[in-house]
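**Q** Right, I'll just put the structure down here and ask away after.
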Amino acid sequence: MFVFHLKRTAKLGIKSLWMHKLRSTLTTLGIIFGVSSVIAMLAIGEGASQATQDQIARLGSRNIIVKTVSPPEDKEVSGQNQSMREYGLTYLDAERFRDSMPNAEVVVPSRRLPQQAWYRNRKVAVEVIGTVPWYPEISPIQLKSGRFLGSIDMHHKQAVCVIDENVVKELFVFDDPLDLDVKIRGDYYRVIGVVSPEDLGPTGKGLENGEPKPKGQGGANVGSIYVPLTTVKNRFGETSIQYSGSSGRSVERVELQEITVKVGAMNEVLPTRDILETLLNRFHKKDDYQVVVPLELLKQAKQTQRIFSIVLGSIAAISLLVGGIGIMNIMLATVSERTREIGIRRALGARKRDIVLQFLSETLLLTLLGGILGISLGSLVPFLVTHFGHMPTVITGGSLLLAFGISGMIGVIFGLYPAYRAANMDPIQSLRHE
Amino acid sequence: MIRHNDKPMNFNADTPILLMERLCKSYLLGAVELKVLREVALAINSGEYVAIMGPSGSGKSTLLNMIGCLDRPTSGDYWLGGQNVALLDDDELSLIRGSRIGFIFQSFNLINQLNVVENIEVPMYYQGYSEHQSAQRARELATMVGLGERLGHRPSELSGGQQQRVAIARALVNDPLIILADEPTGNLDSESGTEILKILMDLHRQGKTLIVVTHDEHIAESAGRIVEIFDGQIRHR
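Protein sequences appear in the order of chains S and F. Each residue of the first sequence is one higher than the one before, counting from 1 in our numbering. Each residue of the second sequence is one higher than the one before, counting from 435 in our numbering.
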């Protein structure tokens with residue numbers, strides 16, 4: 001019976017709204033834009049957040065990455081350019097990690113050298129990564145064909161390499177790279193395997209180094225070539241000479257660019273990081289290393305994303321609020337315009353609550369209609385953003401429900417006052433109203 | 435929700451259907467108390483046709499509002515169908531208006547966005563009748579007042595006389611105890627006015643209790659009794 005009554009109330013509401021099509025449409029527009037902006041903002045925020053978290057997760061949430069950085073104070077102290085600067089992580093560090101930290105599951109030392117790789121007459125810039133056979137454990141790379149580096153390769157310092165698919169695409173184009181030779185700095189390396197690229201995306205690369213790398217230094221290479229660490233030590237040595245401007249050259253000696261430690265569980269990451277830093281502190285007088293914990297980055301990123309979401313959400317909420325005020329304004333105008341109708345209905349037996357229900361249902365109809373249209377429009381916007389703006393977006397079911405709920409709530413909140421005002425008008429004066 | 439089954443059972447023909455005793459109504463105009471009705475006493479029996487007359491400013495409209503339960507008296511009693519409505523709250527007064535009083539206004543007071551049938555249905559809607567029941571009764575009544583051909587028309591598409599006939603049908607729809615008409619022919623040309631008067635006479639002949647507030651001597655003459663109000667007090671002619 002009550003549902004039946006509601007149906008008639010809704011019918012009456014639709015009829016009244018239909019009488020003023022333009023007015024209803026304009027009023028609804030406020031809610032449509034409000035709701036769709038809530039959905040679009042949340043989708044964009046969620047998309048950005050998931051993309052960042054994805055990239056960080058690819059760095060490995062159980063990894064602790066220690067990197068060699070060139071110590072800043074050293075530059076000032078060593079006034080003479082001739083002297084050899086010696087800094088960075090050493091093989092000894094890697095051994096210490098392995099021996100003194102029980103919860104380190106794997107320790108992966110690696111060297112990273114920007115080089116040029118040749119195949120026939122083609123040349124590309126690559127990063128040569130001298131590493132150990134268990135490197136895949138700390139990296140998201142996946143073997144596509146052939147095999148990864150083995151212990152035998154390490155032991156015999158073989159001239160073999162594993163290349164990633166980007167290098168294949170640029171260097172070999174149509175040839176199957178397996179068992180072909182790549183020339184790097186005058187030596188030939190046989191390709192024994194192909195892996196998927198260790199692609200961290202632009203954001204990931206930035207996070208990996210603490211700050212985005214300027215293009216041209218390390219970012220310009222097309223991909224990675226993995227070579228046994230022992231082979232790299234043999235062929236490339238540990239010193240590098242950099243010519244800087246007219247003043248001369250600087251000679252640097254760096255053993256390892258990176259040591260990655262993987263622990264057994266996520267909750268061991270932070271304690272292990274502390275031990276690791278204590279250990280490094282004891283043996284490194286200079287500030288020549290940097291510890292990166294992807295898990296911490298993930299936490300920071302989440303926090304940043306939360307602020308981002310709150311800001312976006314507030315903007316959307318404000319537009320919804322404005323829409324709601326617009327509705328209230330129109331409903332107040334409608335109430336005063338229909339004073340006489342209210343008086344007639346009151347004289348014919350309508351109770352105050354009947355009048356409240358009548359006007360509230362009209363407001364609710366407007367806002368829920370706006371909510372539905374807003375959800376449709378709001379679902380379309382992220383799609384367009386992804387398609388044309390190349391930004392990831394994610395529409396969650398929760399955000400749709402939230403937007404719909406909010407629009408209903410706005411209907412009730414902003415509809416109640418005009419409805420009460422209508423109900424509390426004096427029937428005698430309403431009847432006389434012209 | 436259904437409120438149409440609670441008609442009083444405890445009154446018969448010789449007790450008045452409407453009884454006002456020492457009914458007063460005063461308004462506060464600033465610090466001055468303006469007494470509009472002074473100890474009004476009025477009794478109307480079932481089936482009577484009463485005309486209420488009086489010059490403007492005499493308290494006629496206020497008395498009409500009192501009878502119609504649109505307003506509450508300051509003091510005194512008002513028995514309608516054996517129930518003292520002077521003591522009721524707003525919701526209960528709404529119920530009384532919807533179920534026991536049929537209003538006919540000078541300016542018709544139809545709802546513009548509703549058609550003839552829907553306008554007639556309004557009082558039934560608030561008494562909780564189903565759509566099916568009320569639509570059927572509304573159609574019957576519209577046909578009875580001669581608007582069977584115009585059920586789907588809007589008030590703006592009808593002449594004044596036709597609009598007032600819709601209003602009469604609306605006043606009858608809940609089978610009220612009294613029909614209260616406020617200058618029912620005031621906005622009509624004489625021809626339509628005569629028609630409306632004829633319908634009212636017919637209703638009286640069918641046994642309806644009719645109270646008409648009017649300036650029009652012609653209408654007053656057709657009534658069985660004329661009650662004159664002057665300066666807030668009743669004078670029986």
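Virtual Cβ for every residue (Gly too), placed ideally from N, Cα, C.
Please classify S:Arg85: does DSSP put it in a helix, a strand, or coil?
**A** strand
**Q** Just by C-beta distance, which residues in the region 501-514 of chain F are closer than 8 Å to chain S?
**A** Gly502, Leu504 and Asp505
**Q** From this set, S:Ser110, S:Asp99, S:Ile44 and S:Ser407, which residue's C-alpha is nearest S:Thr230's C-alpha?
**A** S:Ser110
**Q** Please work out which residues of its chain come closer than 6 Å, Cβ to Cβ, to F:Tyr560, disregarding the five sequence neighbours upstream and downstream, and give them in chain order.
**A** Gly532
**Q** Does any CB atom of chain S fall closer than 9 Å to the CB of F:Arg571?
**A** With 9 Å as the cut-off, F:Arg571 does not count as an interface residue toward chain S.
**Q** Going by DSSP, what residues sit across from F:Trp513 in a beta bridge?
**A** F:Leu453 and F:Asn518
**Q** Taking any Cβ of chain F, which residues in the region 35-63 of chain S have a Cβ under 9 Å from it, in chain order?
**A** none
**Q** If you run the structure through DSSP and keep just helix, strand and coil, what is S:Ser196?
**A** coil
**Q** Taking only beta-carbon atoms, is S:Leu22 less than 9 Å away from chain F?
**A** no
**Q** With 16 other CB atoms within 10 Å as the buried threshold, where does S:Ser100 fall?
**A** exposed
**Q** How long is the line joining the alpha carbons of F:Leu407 and S:Gly405, rounded to whole angstroms?
**A** Nothing about residue 407 of chain F can be read from this structure; chain F reaches only from 435 to 671.
**Q** So with Cβ pairs under 9 Å, would you call S:Ala347 a contact of chain F?
**A** yes
**Q** Can you list, in chain order, the residues of its chain with a C-beta nearer than 7 Å to that of S:Leu437? Leave out the 5 residues immediately preceding and following it.
**A** In this structure chain S extends from 1 to 434, so residue 437 of chain S is not present and cannot be described.
**Q** Would a check of beta-carbon distances place S:Pro427 closer than 9 Å to chain F?
**A** yes
**Q** Using Cβ-Cβ distances below 7 Å, what residues of the region 307-327 of chain S are close to chain F?
**A** Residues passing the 7 Å Cβ filter: none.
**Q** On the criterion of 16 or more Cβ atoms from any shown chain inside 10 Å, does F:Leu644 qualify as buried, or is it exposed?
**A** buried
**Q** At which residue ranges does the region 516-570 of chain F contain complete beta strand (DSSP E) runs of 3 or more residues, listed in the order of the chain?
**A** DSSP runs (the beta strand (DSSP E)) wholly in the region 516-570 of chain F: 535-538.
**Q** Taking the C-alpha atoms as reference points, what is the distance between F:Asn439 and F:Ala572?
**A** At F:Asn439, the pLDDT of 45 sits below 50, so the modelled position is not reliable and the matter cannot be decided from this model.
**Q** Around the C-beta of F:Arg599, are 16 or more other C-beta atoms found within 10 angstroms, so that it is buried, or is it exposed?
**A** Under this definition F:Arg599 is a buried residue.
**Q** Can you tell me whether F:Ala657 is buried or exposed, with buried defined as 16 or more other CB within 10 angstroms of its CB?
**A** buried
**Q** Given a threshold of 16 other Cβ atoms within 10 Å of its Cβ, counted over all protein chains shown, does S:Pro114 qualify as buried or as exposed?
**A** Classification of S:Pro114: exposed, given that the 10 Å Cβ count is below 16.
**Q** Name the residues in the region 347-376 of chain S whose C-beta lies less than 9 Å from a C-beta of chain F; which are they?
**A** Ala347, Leu348, Gly349, Ala350, Arg351, Lys352, Arg353 and Asp354
**Q** From the DSSP secondary-structure annotation, give me the bridge partner or partners of F:Leu471.
**A** F:Lys459
**Q** Output, in sequence order along the chain, the residues in the region 542-556 of chain F whose CB is closer than 9 Å to any CB in chain S.
**A** Asn543, Leu544, Ile545, Asn546, Gln547, Leu548, Glu552 and Val556
**Q** Is F:Gln598 helix, strand or coil when you go by DSSP?
**A** In this structure, DSSP gives F:Gln598 a helical state, which the three-state scheme calls helix.
**Q** Residues of chain F with CB under 7 Å from S:Glu341, in chain order?
**A** Ile545
**Q** To the nearest angstrom, how far is the alpha carbon of S:Asp164 from that of S:Gly411?
**A** Distance between the alpha carbons of S:Asp164 and S:Gly411: 57 Å.
**Q** Is S:Trp134 helix, strand or coil when you go by DSSP?
**A** coil
**Q** Quick check on the DSSP output: the alpha helix (DSSP H) that includes S:Gly146 runs from which residue to which?
**A** Taken as a continuous stretch (DSSP letters only), S:Gly146 belongs to no alpha helix (DSSP H), being part of the beta strand (DSSP E) at Leu143 to Gly146.
**Q** Which bits of chain F does S:Leu29 rub up against, with CB to CB less than 7 Å?
**A** Within 7 Å Cβ-Cβ: nothing; S:Leu29 doesn't reach chain F, min ~23 Å.
**Q** Using the Cβ count rule (16 or more neighbours within 10 Å means buried), how would you classify F:Glu579?
**A** A small correction: the amino acid at residue 579 of chain F is Val; Glu does not occupy that position in the sequence shown. Under this definition F:Val579 is a buried residue.
**Q** Please name the residue in S:Ala347, S:Phe172 and S:Arg421 whose C-alpha comes closest to that of F:Leu498.
**A** S:Ala347
**Q** Grouping DSSP H, G and I as helix and E and B as strand, with all else coil, what is S:Gln300?
**A** DSSP places S:Gln300 in helix when its eight states are reduced to three.
**Q** In three-state DSSP terms, what is F:Leu581?
**A** coil
**Q** Who are the neighbours of S:Met331 on chain F, taking C-beta pairs under 8 Å?
**A** Those within 8 Å of S:Met331 in chain F number zero; the least Cβ separation is about 16 Å.
**Q** What residues are listed by DSSP as bridge partners for F:Leu614?
**A** F:Phe537 and F:Ile645.
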